[in-house]
Structure formats: structure tokens, C-alpha cells
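Inspection log for the structure reproduced underneath, given as C-alpha cells.
Residue numbers (the UniProt record's numbering): 1 to 317.
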């Protein structure tokens, strides 16, 4: 017996779009609807009537699955999701997975048991969690994820790394410490590659350094002094704030001796002295746009939000 997933694959659309056609719920383009109807006929697909009845009893709740709600970036996404959801008469049920597959499974079961109308989810460190979410029959919108096969909203992380590099080049960087997180995670890898490419194009010396180095203050100090680092590019603002505190304790002047650039433009980046120069990927807008996309899901589509440089006092002119 054919499944709804097989219908979606044959028609070249998402499972959510097929579900909308079957249940006559929500707008679907005429040509897309025809493709789906042809796929249903070709596969002799028979919708589950019990499932269709359940679909019609959907609540006014949106499920939001996050990897770490203590991170200000994800808090801003959540605020954006909630603000727009409430405007449309929906409530938000938030799940904090801590990047745990088991916790993610538990929250997805909760979303289903509450008859959520759909799921909004950010990118996760573990691909198995993302794959689990993508197989749900509920409509799904991924935030901070670039995948043409899924509905999503994101930014160009490679371009973000390029912008970080351009900022420090303008500040006359001579030797850059690229302080990166886990490079098996696509977002961090793209930022790292973008920054490194631009720096190498203008022959600026680059030293790679995992963020775990910050756990050893002596090792970090040794890298700064022996390598004559005058610039630090951080993969996010939380790391940039930590670095600022550490190098100030070592009596380095910022930005005169060492300039620092972050990423995300979280509110805390403006509460330091000096304030952190950063790349703003509009976390709040990612959240608001994700809700709008969820409530109007059609074909799989991934939209990009423009990045903005926030020049502040932690980098040189």
C-alpha cells in the first residue's frame, strides 16, 4: 500500500503539501494540486480516514523545538515565533532538547498528542534529530537551515564569515585567530570557510583554534603571546563576550591591541565595554518569518534573510 511520503516524492513536493490537498486545508497552487492528484491516482493511494478525522481536530498550538533555550540567539527566535503566533490566535509549546535525540523524540510525541498544527525547529548538532523531525506527518519549518528539500528560513552562513573577515581587514588585521566551534556542524563550518577564504585572499596570517581552548586560560594566553595575535574572529557573540573578558584580564586593550568580532547580534553584545562588533542574522525575524511560512506552507522552499554588519567599538576603523 502506498504511503503519503511516496506520493510526496512522486509529485516532487513536501508531505505537508500533500496533506493539505487530501484534507482540503490551506492554499496549494493549481498546478501543484494537479501533480499531487496525478501521483495519488498513479500510486492508488488511499488516505487514512481516521488520520483525516484527527487532522480536522487540530488545536491552535504550534510546536517549537530548540536545542538550547539558555542561548540568547534561540531565545530571540522563540520570542519572534510567539509574537506572530499570538497575533494569529495560536499558542506556542516549546521543547528544549539539549541536542538529545531521546528528548527530541519525547517532545515530538508531545506535539503530536497535543494535535499541534505544525512544528518549527532550528538546526541541530545531530543530523538524526533533524531527520526525525523531517519524517513527521505534521508540517515542519526549519529555522537556520539551508536545504532545498525542506521548508525553511535561514541566512547565508558562508557570506556571514566573509563579512566577519572584511570587518577585521578594514581594521588592519595582521594575524587572525579563527576561534571556531564544532566544524562538523554545517553553520559553523560555512562561517569558518567564508572567513578563512577572504583572509587568505589578501595574505593575512590565520591561526585556527577550537573554542574548547578557552577552557584553559594559560593555553589561550600562550597562543596570544607566542603567535602575536592582533585579531580574533568568534563564531558567535557569547564566545566573543567570553574572549573579551579573558583578554582584558590579560591587560590587552580592545581594539587597539586585539580587535574582536562576534556573530548573532544578541542583546548582550551591546552590554560589554567596549561593545562587540558583530554580524546580525536577525534571530527575531527568523522566528516571525518561520511562523508566517508555517501557516502558509506550499512547496518545499528555503528563504534567506539578509545579514547586517553591526560595527561597534571592539574592532578598529
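We treat Cβ as the ideally placed atom computed from N, Cα and C, and that holds for glycine.
- request: Select from 115, 5 and 144 the residue whose C-alpha is nearest the C-alpha of residue 187.
  value: Position 187 of the chain shown, counted from the first residue, corresponds to residue 187. If we check each option's Cα against that of residue 187, 144 comes out closest.
query: Do residue 65 and residue 95 have their CB atoms nearer than 7 Å?
result: Along the chain shown, read from residue 1 onward, the residue named residue 65 stands at position 65. Along the chain shown, read from residue 1 onward, the residue named residue 95 stands at position 95. Yes.
Per-residue burial, residue 271 [other beta carbons within 10 Å of its own, 16 or more giving buried]: Translated into the one-based positions of the chain shown, residue 271 becomes position 271. When all chains shown are included, residue 271 counts as exposed.
Buried or exposed by the 16-neighbour rule on C-beta atoms within 10 Å, applied to residue 245: In the chain shown, residue 245 corresponds to position 245, counting from 1. The residue in question, residue 245, is exposed, as its Cβ has fewer than 16 Cβ neighbours within 10 Å.
- request: Can you give me the start and stop residues for the beta strand (DSSP E) that residue 96 sits inside?
  value: To locate residue 96, count along the chain shown from 1; it is residue 96. Note, residue 96: beta strand (DSSP E), 91 to 96.
- request: Would you give the residue range spanned by the alpha helix (DSSP H) that residue 245 belongs to?
  value: Locating residue 245 in the chain shown gives position 245, where the first residue counts as 1. Residues 237 to 249.
query: Could you give the residue range of the beta strand (DSSP E) that holds residue 207?
result: In the chain shown, residue 207 corresponds to position 207, counting from 1. Taken as a continuous stretch (DSSP letters only), the beta strand (DSSP E) holding residue 207 covers 205 to 210.
The region 130 to 140 in contact with the region 77 to 94 per 3-pair CB rule at 8 Å: no
- prompt: Cβ atoms of residue 39 and residue 7: under 7 Å apart, would you say?
  reply: As a working mapping, residue 7 is identified with position 7 in the chain shown. As a working mapping, residue 39 is identified with position 39 in the chain shown. In contact: residue 7 and residue 39 (Cβ atoms closer than 7 Å).
- request: Using the DSSP secondary-structure output, state which residues sit across from residue 101 in a beta bridge.
  value: The residue you call residue 101 lines up with position 101 of the chain shown. BP columns for residue 101 are empty, so no partner.
task: Measure the alpha-carbon distance for residue 31 versus residue 211 and round it to whole angstroms.
output: Within the chain shown, numbered from 1, the residue matching residue 31 stands at position 31. Within the chain shown, numbered from 1, the residue matching residue 211 stands at position 211. Each residue's Cα considered, the two are about 49 Å apart.
- request: Enumerate in chain order the residues of its own chain whose CB-to-CB distance from residue 288 is below 6 Å, with the five nearest sequence positions on each side excluded.
  value: By one-based count along the chain shown, residue 288 stands at place 288. Cβ neighbours of residue 288 beyond the five flanking positions: 80 and 84.
query: How many whole angstroms separate the CB atoms of residue 259 and residue 225, which I take to be in contact at a CB cut-off of 8 Å?
result: For the purposes of this step, residue 259 is identified with residue 259 of the chain shown, where counting begins at 1. For the purposes of this step, residue 225 is identified with residue 225 of the chain shown, where counting begins at 1. With a Cβ gap of about 17 Å, residue 259 and residue 225 do not count as contacting.
query: Quick one: what does DSSP say residue 68 is sitting in, helix, strand or coil?
result: Stepping through the chain shown from its first residue, residue 68 is reached at position 68. If DSSP states are grouped into helix, strand and coil, residue 68 belongs with coil.
query: Could you check where the alpha helix (DSSP H) with residue 31 kicks off and where it finishes?
result: For the purposes of this step, residue 31 is taken as the residue at position 31 of the chain shown. Residue 31 -> alpha helix (DSSP H) spans 30 to 43.
- prompt: Taking one C-beta from the region 156 to 167 and one from the region 213 to 223 each time, how about it: are there three or more such pairs within less than 8 Å?
  reply: no
- request: Label residue 54 either buried or exposed according to how many other C-beta atoms from any shown protein chain fall within 10 Å of its C-beta, with 16 as the threshold for buried.
  value: In the chain shown, residue 54 corresponds to position 54, counting from 1. Unreliable placement is indicated for residue 54, whose pLDDT of 47 sits below 50; the coordinate value is still reported in the next sentence. So residue 54 counts as exposed.
message: Between which residues of its own chain and residue 194 is the CB-CB distance below 6 Å, once the five residues before and five after are set aside?
response: Walking along the chain shown from the start, residue 194 turns up at place 194. Answer for residue 194: 158, 161 and 162, listed in chain order.
field: Between the CA atoms of residue 43 and residue 61 - distance to the nearest angstrom
entry: As a first step, residue 61 must be located in the chain shown, where it is residue number 61. As a first step, residue 43 must be located in the chain shown, where it is residue number 43. The alpha-carbon atoms of residue 61 and residue 43 are separated by roughly 33 Å.
task: May I ask you to report which of helix, strand or coil DSSP gives residue 185?
output: To locate residue 185, count along the chain shown from 1; it is residue 185. Correct three-state label for residue 185: coil.
- request: Could you tell me which of 295, 177, 291 and 182 sits nearest to residue 261, measuring between CA atoms?
  value: Looking up residue 261 in the chain shown gives position 261. Looking at the Cα atoms, 177 is the closest of the given residues.
message: I'd like the list of long-range same chain contacts for residue 110, defined as Cβ closer than 8 Å, with 5 residues on each side in sequence excluded.
response: Numbered from its first residue, the chain shown carries residue 110 at position 110. The residues are 63, 93 and 95.
- prompt: So, helix, strand or coil for residue 6, using DSSP?
  reply: Start at 1 with the first residue of the chain shown, and residue 6 comes out as number 6. Helix, per DSSP.
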